[in-house]
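Per this note's numbering, residue 49 is the first one in the sequence shown, and the count goes up by one each step. Glycine included, each C-beta is placed from N, C-alpha and C at the ideal position.
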Amino acid sequence: MSDNMFTQIDFRRLGTREASARLEKPGAAFEECSFEGLDLADLAMEAVSFRKCRFAEVSLRSSEMVACSFEGCDMAQADFRFSRLSEVVFDRCSATVADFGAATASEVRFTGCRMPGAVLKGLATLDLQLERSNFANADLSGVYLRGQDVSGCNFDGADLSGCDLRQCQMDEVSLVGAILSGTRFEDADLRGARLGKIALSDLARDLRGAVISRDQAADLLKGIGLVVV
Numbered sequence: 049m050s051d052n053m054f055t056q057i058d059f060r061r062l063g064t065r066e067a068s069a070r071l072e073k074p075g076a077a078f079e080e081c082s083f084e085g086l087d088l089a090d091l092a093m094e095a096v097s098f099r100k101c102r103f104a105e106v107s108l109r110s111s112e113m114v115a116c117s118f119e120g121c122d123m124a125q126a127d128f129r130f131s132r133l134s135e136v137v138f139d140r141c142s143a144t145v146a147d148f149g150a151a152t153a154s155e156v157r158f159t160g161c162r163m164p165g166a167v168l169k170g171l172a173t174l175d176l177q178l179e180r181s182n183f184a185n186a187d188l189s190g191v192y193l194r195g196q197d198v199s200g201c202n203f204d205g206a207d208l209s210g211c212d213l214r215q216c217q218m219d220e221v222s223l224v225g226a227i228l229s230g231t232r233f234e235d236a237d238l239r240g241a242r243l244g245k246i247a248l249s250d251l252a253r254d255l256r257g258a259v260i261s262r263d264q265a266a267d268l269l270k271g272i273g274l275v276v277v
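Right under this line is the structure:
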């Protein structure tokens with residue numbers, strides 16, 4: 049086995065110092081390892097991969113990650129605040145209530161992830177990609193996603209206030225109960241999205257400039273009590 053490959057190791061028993069030393073090895077690969085509850089703040093990781101690892105309640109605060117990948121990992125309540133992420137992939141991870149607040153994300157992709165209640169507020173982004181992921185009740189306020197394809201994402205009950213969703217492709221996106229105050233939708237394609245009920249007083253403000261279908265327009269009008277014939 050390579051010195052850079054680690055399988056089924058419980059780093060909670062080895063401690064923070066040992067875990068940190070191995071995580072900072074460029075090109076290291078971890079499979080089915082546990083880092084639960086460890087303080088791993090201020091690390092520098094490059095080309096490190098994780099598969100089915102457990103990061104529940106781990107602090108990665110202020111860490112730097114370049115070209116890293118996480119596949120099928122449990123990151124419930126993990127702390128990524130103030131971290132710097134570049135070319136990082138999260139694939140089918142569970143990150144319930146994880147906190148990415150005030151982090152920096154450049155060419156970062158979340159695919160098929162479960163992130164209900166996660167915090168992305170204040171996340172500075174460049175080419176952030178959200179694909180077929182669950183952000184129900186998450187806080188994405190102020191996140192810049194202009195021009196991205198966020199199809200298949202669930203934003204039910206999420207705080208999207210101040211988000212820039214201009215020119216986004218939003219097929220099969222759900223926005224039921226989402227907070228849309230100050231959200232920008234100009235030229236966003238919402239024709240395949242679930243919009244739920246939006247008050248008449250909020251329609252012009254919340255969906256201004258968005259592209260919707262005739263059926264969606266009829267549903268919105270029915271939602272405010274009008275009879276559409």
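Exercise. Evaluate Leu-174 with the Cβ neighbour count: other Cβ atoms within 10 Å of its Cβ, from every protein chain shown; 16 or more gives buried, anything less gives exposed.
Key: exposed
Quiz item: Between Arg-109 and Phe-78, is the Cβ-Cβ spacing less than 9 Å?
Solution: Against a cut-off of 9 Å, the Cβ pair of Phe-78 and Arg-109 comes out as no contact.
Exercise. Assign Thr-159 to one of three DSSP states: helix, strand, or coil.
Key: strand
Exercise. Could you spell out where the alpha helix (DSSP H) holding Gln-71 opens and where it closes?
Key: The sequence given here places Leu at residue 71; Gln does not occur at that position. Run containing Leu-71: 64 to 71, per the alpha helix (DSSP H) assignment.
Quiz item: Quick one: what's got a C-beta closer than 7 Å to Val-224's C-beta in the same chain, skipping five residues either side?
Solution: Asp-204, Arg-242 and Gly-244
Quiz prompt | Sequence-distant residues of the same chain with beta carbon closer than 8 Å to Leu-193, five excluded per side | solution = Thr-173, Leu-176, Leu-178, Cys-211, Asp-212, Leu-213 and Cys-216
Quiz item: Are Thr-64 and Leu-88 close, meaning C-beta to C-beta below 9 Å?
Solution: Closer than 9 Å, so yes.
Quiz item: Roughly how many angstroms separate the alpha carbons of Leu-248 and Arg-256, rounded to a whole number?
Solution: Its pLDDT being 49, under 50, Leu-248 is placed unreliably in this model, and the value from its coordinates should be taken loosely. Going from the Cα of Leu-248 to the Cα of Arg-256 covers about 12 Å.
Exercise. Give me the Cα-Cα distance between Asp-207 and Ser-82, rounded to the nearest whole angstrom.
Key: 31 Å
Quiz item: Between the Cα of Val-137 and the Cα atoms of Ser-189, Gly-149 and Ser-154, which residue gives the shortest distance?
Solution: Ser-154
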